[in-house]
Every structure is written in C-alpha cells, then in structure tokens.
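If you count by the UniProt record's numbering, then the sequence shown holds residues 1 to 416, one letter each, in order.
Where a beta carbon is used, it is the ideal one built from N, C-alpha and C, also for glycine.
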Amino acid sequence: MITRRLVCLFPGFEPMRADAHIRRFRRGAESAAALWDLAIAVEEPDSSSGPDGLFPRLKLRLGGAAAGNRPWRTDTEIVFFDWGDLILAYAARPFYRRFLTGYLALADFLFSGTVFRYFRVSWRYGLFYLFPIAILVAALLFGSFAGVLLAGLAGGLGSLAATLVGLTAGLAVFAGLIFLAARRLHIFTALDDWAMARDICRDRNPAIRSRILLQAEQLAAHLGEGASDKGTELVVAAHSLGAVMAVLALDEALQRPALAGLQPHVLTVGSSLMKTALHPAASDERRAVRRLVTERLVPWTDCQGLSDPINFYKSNPATSLGIETGRTPRVVRVHFRKLVKPETYKRIKRDFFRLHRQFVLPVERRAPYSFHMLLTGPHPIGDLAYEASIDRPPLKALPEPPKDISVTAPAEGSPA
C-alpha cells in the first residue's frame with residue numbers, strides 16, 4: 001500500500017492554464033472521496049510554482065478504513081507541468097492562420113504517410129483524422145451549391161453581376177459553415193492541435209523545444225527530491241498530447257547521472273503519443289520511447305478507451321513503434337459507460353472531445369477506473385494493469401443491496 005506519492009502531471013491539449021487544471025483535479029478528487037466514502041484533505045496550491053509559475057503544486061491526503069483492514073492514509077503531491085500558454089498562443093492567432101496551418105498540417109500527415117500508419121495501428125484514430133477534412137469538404141460542397149444556385153437565379157442581372165452574386169453567396173455559406181463547426185464541433189481547436197503536432201514532429205517551434213528542456217530540468221529536480229524518500233512512489237502521468245511532452249521531458253531528465261537507475265512509473269491516459277511518434281520526422285520521439293523502454297526499463301501503464309476515437313485504442317506505446325525488447329508497457333482498457341450515469345453517457349457518447357476528457361474528469365459511479373483515485377488512492381499505479389480495478393480493499397466495499405423480506409420473496413435455498 002502506498003503512503004506517499006509524487007505525481008508529475010502533464011495535462012492534455014486543452015486551451016487552459018494550470019490553475020484551471022488544479023481546480024478540476026481538486027473537484028475530481030473530492031468527488032472520488034465522496035463516492036468511496038473516504039476522508040480527504042486538500043492544501044491550497046503551493047505559491048512556489050517554479051520558473052515563470054509553470055509548475056504549481058497541489059497536496060492531498062486521502063484516508064479511510066474498510067472492515068477487516070487497518071486504517072490507511074496516502075499523501076500525494078501533484079506537480080502540474082503547465083504548457084497551456086503554448087496551446088493558448090496557437091489559439092490566439094488570427095482565424096485564417098489557424099485555418100491554413102491546421103490544414104497544412106493535415107496535408108503533411110497525409111503526404112508523409114503517417115495517416116496510413118494511423119489506420120494500421122488504430123483505425124478509429126484514422127477516422128478522427130478525417131473529421132476536419134470531412135468538415136472542409138462539406139463546407140466547400142454546400143458553398144459551391146449555394147453559389148451556383150444563386151448565380152443561376154441572378155442570371156437576369158447579367159453574367160458579371162450573377163457571377164459576383166454566386167461567389168459572394170458561396171463564400172458566405174462556406175465561411176458560415178466553418179464558423180458553425182468552430183462553435184459546435186471545436187474545429188479550430190482540432191486544427192491548432194494538428195498544427196502543434198506538426199511543429200513537434202518537425203521541431204518548427206523553438207518555444208516547444210525550450211519548454212521541454214525546462215520541463216526536463218524541473219522533472220529531474222522533483223524526481224530527485226522524491227527519490228530521496230525511499231517510501232515515495234514516483235509517477236509521471238500524462239493525458240492526450242501531454243504524453244508527447246512527458247516522454248520527451250522524462251527521457252531528457254533521466255540522462256542526468258544523478259538519476260541513474262531511477263524508474264518512475266509512467267501513466268498515460270487517452271494518449272496521443274502515436275499521433276506524432278508515427279510521423280517519419282519524429283525520430284527523436286521514437287528514440288526517447290526506445291530508451292525509456294529498453295534502457296531505463298521504466299514501468300509504464302497506458303489506459304485506453306474503446307469509445308474515444310482521439311486515443312489509439314489497441315495500440316501499445318512501444319510495440320506499435322516496432323520496439324519489441326525491454327519492458328513493454330502494460331495496456332488497460334477503460335469503459336466509459338461504467339464511469340458515468342446512463343443519462344450522462346447518452347448525452348456525451350457522440351461528443352468525442354467530451355469523451356476524450358472523461359479520462360481525467362470525475363467519475364459518477366464507483367468503477368474499476370478513476371483518474372483521481374488512481375493518483376491519490378492507496379494502490380500502487382502498476383497494480384491497475386494486473387488487478388484490472390482500483391475498486392478493491394483497503395477501499396470500502398459497496399454495501400450489499402437490501403434483502404427482499406416480503407412474503408412473496410423466495411425462501412433461502414429455494415429456487416428463485
């Protein structure tokens with residue numbers, strides 16, 4: 001059982017800063033404590049948040065007692081590795097730049113052959129790749145149809161006027177559909193994601209490279225401090241595209257002689273590691289994965305969800321890259337239907353961005369998977385891959401349902 005844990009947490013690609021991630025994590029931890037009938041104490045975020053305020057810390061204490069088990073307590077310190085400012089910088093660009101760079105990135109992933117690797121490794125992610133392209137094609141088709149139709153109706157105004165009417169109408173319909181998709185389907189956020197992924201693969205954004213080096217420096221400092229206490233479980237956790245930042249930073253950090261032999265547990269949930277690692281230009285990333293798996297031999301648990309098209313379901317962080325030796329990561333399947341109430345699942349099941357966030361959002365029901373119970377609870381992170389559930393002793397068991405003692409109930413031992 002874990003009594004102390006240090007978590008270095010890399011959030012996913014969401015246009016929000018660390019303070020918002022901290023608030024969300026705190027809500028999730030308090031919700032999990034209530035579901036499992038546990039006591040929780042949360043310290044206010046540490047004011048010493050590292051260089052430029054990019055590494056704020058949150059401390060939590062979780063405890064309880066189940067019948068037949070001794071009382072337990074787990075102290076967890078979570079360091080948030082903020083890179084939301086980089087994401088927000090992409091979102092702050094003029095819409096035409098976001099549009100152009102996003103679709104140029106999609107073209108890069110197509111002509112480099114990466115898309116075909118997506119379909120080979122996880123065909124569902126290949127369909128997610130097609131999502132912004134389908135929106136573009138639909139907008140072009142509807143815009144063209146509207147332009148031709150109105151140009152025909154305006155034929156009596158003369159050919160030049162009719163052409164101008166058609167072009168204006170077509171462009172208006174096209175732009176309107178794109179902005180509708182931005183509002184309802186978050187298309188510009190998706191395009192920013194692809195643009196940033198391309199920049200990571202081709203090392204086109206110096207700010208990203210500088211941030212990874214800074215994260216590696218902070219990761220080395222925190223892991224070194226945590227390793228000085230032999231009873232502390234060390235975890236590097238990441239969601240979505242944050243897995244790319246985490247892998248590159250951890251590989252860089254572990255090259256320091258002071259951390260020789262250190263093996264923090266890597267936890268990736270809803271990982272988008274393959275999004276960039278399968279690109280031919282991302283050789284640095286593939287080498288980082290290889291070193292972590294074959295030389296550092298770090299334990300690695302990768303949580304995937306069938307319902308989520310934004311993660312690489314049925315992939316493996318190592319073997320999907322052709323790395324067959326070393327300490328192969330363990331894959332855990334997560335069923336979102338078991339995490340939330342039926343009415344919630346019915347509402348979110350077609351919103352794949354919302355489904356993707358469920359990996360790090362509070363659960364509504366006691367379930368085998370809870371991001372917050374996994375990172376703050378008493379079980380070692382690695383146990384999840386072998387036990388298939390965090391919902392086991394010393395956590396309290398669910399109460400038995402009340403017995404039916406009505407006169408129509410079958411007698412004990414008799415057939416129902």
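Measure the alpha-carbon distance for residue i versus residue j and round it to whole angstroms.
i: Leu-234; j: Leu-395; result: 21 Å
i: Ser-240; j: Leu-164; result: 45 Å
i: Ser-112; j: Arg-202; result: 12 Å
i: Leu-306; j: Trp-72; result: 34 Å
i: Asp-404; j: Thr-276; result: With a pLDDT of 48 at Asp-404, under the threshold of 50, the modelled position of this residue cannot be trusted; read the value that follows with caution. Cα-Cα distance, rounded: 56 Å.
i: Pro-132; j: Thr-344; result: 26 Å
i: residue 426; j: Gly-158; result: Nothing can be reported for residue 426: it is not among the residues displayed for the chain, which extend from 1 to 416.
i: Arg-327; j: Cys-8; result: 21 Å
i: Gly-261; j: Ile-381; result: 19 Å
i: Lys-346; j: Ala-162; result: 47 Å
i: Leu-321; j: Asn-311; result: 15 Å
i: Val-115; j: Leu-38; result: 45 Å
i: Val-360; j: Ala-151; result: 50 Å
i: Cys-303; j: Leu-167; result: 49 Å
i: Leu-127; j: Pro-257; result: 43 Å
i: Tyr-90; j: Ser-210; result: 16 Å
i: Lys-230; j: Arg-5; result: 11 Å
i: Glu-14; j: Arg-93; result: 16 Å
i: Asp-199; j: Glu-285; result: 13 Å
i: Ala-18; j: Thr-294; result: 32 Å
i: Gly-143; j: Ala-190; result: 22 Å
i: Ala-139; j: Tyr-96; result: 15 Å
i: Thr-74; j: Leu-259; result: 25 Å
i: Gly-12; j: Lys-341; result: 24 Å
i: Asn-205; j: Leu-141; result: 34 Å
i: Glu-44; j: Arg-26; result: 10 Å
i: Gly-224; j: Arg-350; result: 43 Å
i: Gln-358; j: Arg-365; result: 13 Å
i: Ala-20; j: Leu-177; result: 31 Å
i: Asp-85; j: Gly-53; result: 11 Å
i: Gly-270; j: His-335; result: 12 Å
Any idea which residues DSSP pairs residue i with across the strands?
i: Thr-301; result: Leu-267 and Arg-330
i: Ile-78; result: Val-7 and Leu-58
i: Glu-233; result: Arg-5
i: Val-121; result: Beta-bridge pairing links Val-121 to no other residue.
i: His-356; result: Answer by DSSP bridge pairing: none, since His-356 is not bridged.
i: Gly-63; result: Ala-39 and Arg-73
i: Ala-238; result: Phe-10 and Thr-268
Just checking my contact of residue i with residue j at CB under 8 Å: how many whole Å lie between their CB atoms?
i: Gln-263; j: Pro-299; result: 6 Å
i: Phe-55; j: Ala-238; result: 15 Å between Cβ atoms; not a contact.
i: Val-289; j: Val-247; result: 6 Å
i: Leu-219; j: Ala-249; result: 5 Å
i: Phe-188; j: Ala-197; result: Not really, about 15 Å apart at Cβ, beyond 8 Å.
i: Asp-251; j: Leu-214; result: Going by Cβ atoms, the distance from Asp-251 to Leu-214 rounds to 15 Å, so no, they are not a contact pair.
i: Glu-77; j: Arg-98; result: Going by Cβ atoms, the distance from Glu-77 to Arg-98 rounds to 37 Å, so no, they are not a contact pair.
i: Ile-40; j: Glu-30; result: 6 Å
i: Tyr-118; j: Leu-278; result: 7 Å
i: Lys-314; j: Ser-122; result: 6 Å
i: Ala-105; j: Ala-195; result: 5 Å
i: Lys-338; j: Pro-362; result: Lys-338 to Pro-362, Cβ: 14 Å. No contact.
i: Thr-376; j: Leu-62; result: 5 Å
i: Leu-374; j: Ile-348; result: That belief does not hold up - the Cβ atoms of Leu-374 and Ile-348 are roughly 21 Å apart, past 8 Å.
i: Pro-393; j: Asn-69; result: 5 Å
Mind checking residue i: buried by the 16 CB within 10 Å criterion, or exposed?
i: Thr-101; result: buried
i: Val-137; result: exposed
i: Ala-169; result: buried
i: Pro-378; result: buried
i: His-222; result: buried
i: Pro-51; result: exposed
i: Arg-386; result: In the sequence under discussion, the amino acid at residue 386 is Tyr, which differs from the Arg named in the question. Per the 10 Å Cβ criterion, exposed.
i: Thr-3; result: exposed
i: Pro-329; result: buried
i: Trp-36; result: buried
i: Ala-33; result: buried
i: Thr-325; result: exposed
i: Val-80; result: In the sequence as displayed, the identity of residue 80 is Phe instead of Val. Buried: at least 16 other Cβ atoms inside 10 Å.
i: Ala-146; result: buried
i: Ser-228; result: exposed
i: Ala-253; result: buried
i: Pro-280; result: exposed
i: Ala-388; result: exposed
i: Met-274; result: buried
So with Cβ pairs under 8 Å, would you call residue i a contact of chain C?
i: Pro-11; result: This model lacks chain C altogether; it includes just one protein chain.
Extract the residue ranges of the alpha helix (DSSP H) inside the segment 142-210, only unbroken runs of 4 or more that lie entirely within it. 159-185 and 187-202
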